[in-house]
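This note's numbering numbers the first residue of the sequence shown as 133 and each following residue consecutively.
The C-beta atom is built at its ideal place from N, Cα and C for all residues, glycine as well.
None of these values were measured; they are calculated from a predicted model.
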Amino acid sequence: MFATRPSWRDAPAELAAGVQRVCGASIVGSRDVHGGMSPGPAAVLRLADGRRVFVKAVSRAVSEPSHRFYQREAVALAALPVETPAPVLLGSIEVTTEGVIRIAAAAKGAREAAGAARPETGGEGAGAADIACGADGWFALVMSVAEGVPAGPPWTGDGVGLVRDACEVIGALPAPDVVPPIGQILTDLDGWELLAAGDPALLDGWERQNVAALAELAARWQGWTAGTALVHQDVRADNAIVDLVARRAVLVDWSFGCAGAPWLDRARLAADIVGAGHRDGPAAALRAATKILDALPGDAARFVAALGGMWRYRSTLAAPPGHPTLRPWQRERARLIRPLLATLL
Ligand SMILES: Nc1ncnc2c1ncn2[C@@H]1O[C@H](COP(=O)(O)OP(=O)(O)O)[C@@H](O)[C@H]1O
Ligand SMILES: [Mg+2]
133 MFATRPSWRD
143 APAELAAGVQ
153 RVCGASIVGS
163 RDVHGGMSPG
173 PAAVLRLADG
183 RRVFVKAVSR
193 AVSEPSHRFY
203 QREAVALAAL
213 PVETPAPVLL
223 GSIEVTTEGV
233 IRIAAAAKGA
243 REAAGAARPE
253 TGGEGAGAAD
263 IACGADGWFA
273 LVMSVAEGVP
283 AGPPWTGDGV
293 GLVRDACEVI
303 GALPAPDVVP
313 PIGQILTDLD
323 GWELLAAGDP
333 ALLDGWERQN
343 VAALAELAAR
353 WQGWTAGTAL
363 VHQDVRADNA
373 IVDLVARRAV
383 LVDWSFGCAG
393 APWLDRARLA
403 ADIVGAGHRD
413 GPAAALRAAT
423 KILDALPGDA
433 ARFVAALGGM
443 WRYRSTLAAP
453 PGHPTLRPWQ
463 RERARLIRPL
473 LATLL
């Protein structure tokens, strides 16, 4: 279901050199991290000074969208309010098509908060340094390690509670100016409407019967999803790390960070619990999701219906290069959340 990630050890040496420049220390060990959606290496690196950092990187040649998403994530991470339950960006490394490696160190305050040493390049505050380099078209993010374990899949009672609380904290924060409004990044929330107007043979019996009602639930979503709250917008078990000792959750993978209504992440969490599954079974997943939605404004249920349409519609499109598992994942996701959709009709 998830992307197969290459090992960090096979990444271009220039990226490792870039990480060392960002961190101001050499890398003495790496542990690959699997999971997530991008076809690039992700790893926890051990540094000579005893610190650990998380790095993820992707080549534009393998996935142009992921390359763009990682760049967007660097912008979002650097601008998040300090109270956000998110990793701290230490810096980013771009290997351009001109064969130049560009290192951007995060703001000095952010590095200090993460216990980082001053980088060897970049001077005070944000900075950049270019050095000649052979690898082509890579982008890497270096950030603090989120301690704990992925919230799933499958979800657990503890994981749901901690991630729900983190989503509530995020929804109470203002979105920074640099992140786009949700309407700019979620373009297919009218998926049921598009499917209703398309080839009926693409839909199964249940979908044909309910597509009009689902389209009506999702209608006019640009209006009711809009807002000024911070939204992570990709809340999934694999994008949340829970620390069961400290009793807190951190959301990772901020590529889709945006501005919108304050309840959006909790609604997306509800959909993911049913879509990704709960350790205690489908009935427990449905109960947990319903409990979350019941505490939110009615538009949250409409959003879940709209998400179902987005996944189902996108599953009918051609697979993007480098992501062979994406369309089957979307198809399966739309099928798995059907019991939740049925409660909304
Ligand atoms: N800062 C971090 N600290 C520890 N683990 C992380 C961190 N960020 C991400 N991860 C882990 O690495 C996986 C891939 O990272 P993610 O940011 O989700 O990348 P992708 O864009 O490929 O989905 C995540 O599913 C999560 O388990
Ligand atoms: Mg991810």
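Worksheet item: Can you find a CB in chain C that lies within less than 9 Å of the CB of GLN203?
Response: In the structure shown, chain C cannot be found, because there is only a single protein chain.
Worksheet item: So, using beta-carbon positions, are ALA437 and LEU476 closer together than 9 Å?
Response: With a cutoff of 9 Å on beta-carbon distance, ALA437 and LEU476 are scored as near each other.
Worksheet item: Applying the criterion that 16 or more other CB atoms from any shown protein chain within 10 Å of the CB defines a buried residue, is ALA248 buried or exposed?
Response: Interpretation of ALA248 is limited by its pLDDT of 47, a score under 50 that renders its predicted location unreliable; no figure is taken from the coordinates.
Item to complete: Could you pull out every residue in the same chain whose Cβ sits closer than 6 Å to the Cβ of GLY280, ignoring the five residues on either side in sequence?
Response: Around GLY280: ILE373, VAL374 and ASP375.
Discussion item. Check whether the region 341–351 and the region 412–432 touch, using three or more Cβ-Cβ pairs below 8 Å as the test.
Written reply: Segments in contact, no.
Worksheet item: By a C-beta neighbour count over all protein chains shown, 10 Å radius and 16 as the cutoff for buried, is HIS166 buried or exposed?
Response: Answer is exposed; the Cβ neighbour count stays below 16.
Discussion item. Short of 6 Å in beta carbon distance, which residues of its chain neighbour LEU362, apart from the five on each side in sequence? Order them along the chain.
Written reply: For LEU362, where only same-chain residues beyond five positions count, the Cβ hits under 6 Å are ILE302, LEU305 and ALA307.
Worksheet item: Taking C-beta to C-beta, are SER162 and VAL220 nearer than 9 Å?
Response: With contacts defined by Cβ atoms closer than 9 Å, SER162 and VAL220 do not form a contacting pair.
Item to complete: Kindly indicate the opening and closing residues of the beta strand (DSSP E) around LEU362.
Response: That run of the beta strand (DSSP E) goes 361–363.
Worksheet entry | Proximal residues to PRO452 (C-beta, below 7 Å), its chain only, five neighbours per side dropped | These residues qualify, in order along the chain: PRO197 and LEU458.
Worksheet item: DSSP three-state call for LEU335: helix, strand or coil?
Response: Here LEU335 sits in coil by DSSP.
Fill in: Top-ranked residue by Cα proximity to ALA417, from ARG137, SER158, VAL292 and THR216
It is VAL292.
Discussion item. I'd like the span of the alpha helix (DSSP H) that includes ALA416, first residue to last.
Written reply: Its alpha helix (DSSP H) spans residues 414–426.
Fill in: Presumed contact (8 Å Cβ cut-off) between GLY168 and ALA189, rounded CB distance
Contact check for GLY168 and ALA189: beta-carbon distance about 12 Å, past the 8 Å limit, so the pair fails to qualify.
Worksheet item: Relative to the alpha-carbon of ARG379, which residue among VAL295, GLY440 and ASP370 has its alpha-carbon at the smallest distance?
Response: Closest in alpha carbon position to ARG379, among VAL295, GLY440 and ASP370, is VAL295.
Fill in: Where the alpha helix (DSSP H) through LEU449 begins and ends
For LEU449, no alpha helix (DSSP H) run applies, since DSSP gives it neither H nor E.
Fill in: Span of the beta strand (DSSP E), counted from its first residue to its last, around ARG380
Start and end: 380–383.
Discussion item. Is it buried or exposed, GLY407, if we count other Cβ atoms within 10 angstroms and call 16 or more buried?
Written reply: It is buried - the Cβ of GLY407 has at least 16 other Cβ atoms within 10 Å.
Worksheet item: So which of ALA175, GLN203, VAL160 and LEU468 has the shortest CA-CA distance to ARG137?
Response: Answer by Cα proximity: ALA175.
Worksheet item: Excluding the five sequence neighbours on either side, which residues of its own chain have a C-beta within less than 6 Å of the C-beta of VAL310, listed in chain order?
Response: Excluding positions up to five away in sequence, the list reads VAL207 and ALA211.
Item to complete: Pull up the CB-CB distance for PRO217 and LEU383, whole angstroms please, since I reckon it's below 8 Å.
Response: Confirmed, Cβ separation roughly 6 Å.
Item to complete: Could you have a look at LEU468 and say whether DSSP puts it in helix, strand or coil?
Response: Looking at LEU468 - three-state DSSP - the assignment turns out to be helix.
Discussion item. Quick check on DSSP: helix, strand or coil for TRP270?
Written reply: Three-state result, TRP270: strand.
Worksheet item: What residues sit near ligand 2, counting only those whose C-beta is closer than 6 Å to one of its heavy atoms, in chain order?
Response: My final list is GLY168, MET169, ASP370, ASN371 and ASP385.
Practice prompt. Can you check DSSP and say which residues form a bridge with PHE186?
Written response: VAL176 and MET275.
Worksheet item: What number of angstroms, rounded off, separates the C-alpha of TRP504 from the C-alpha of VAL343?
Response: As displayed, the chain neither begins before 133 nor continues past 477, which places residue 504 out of reach and without an answer.
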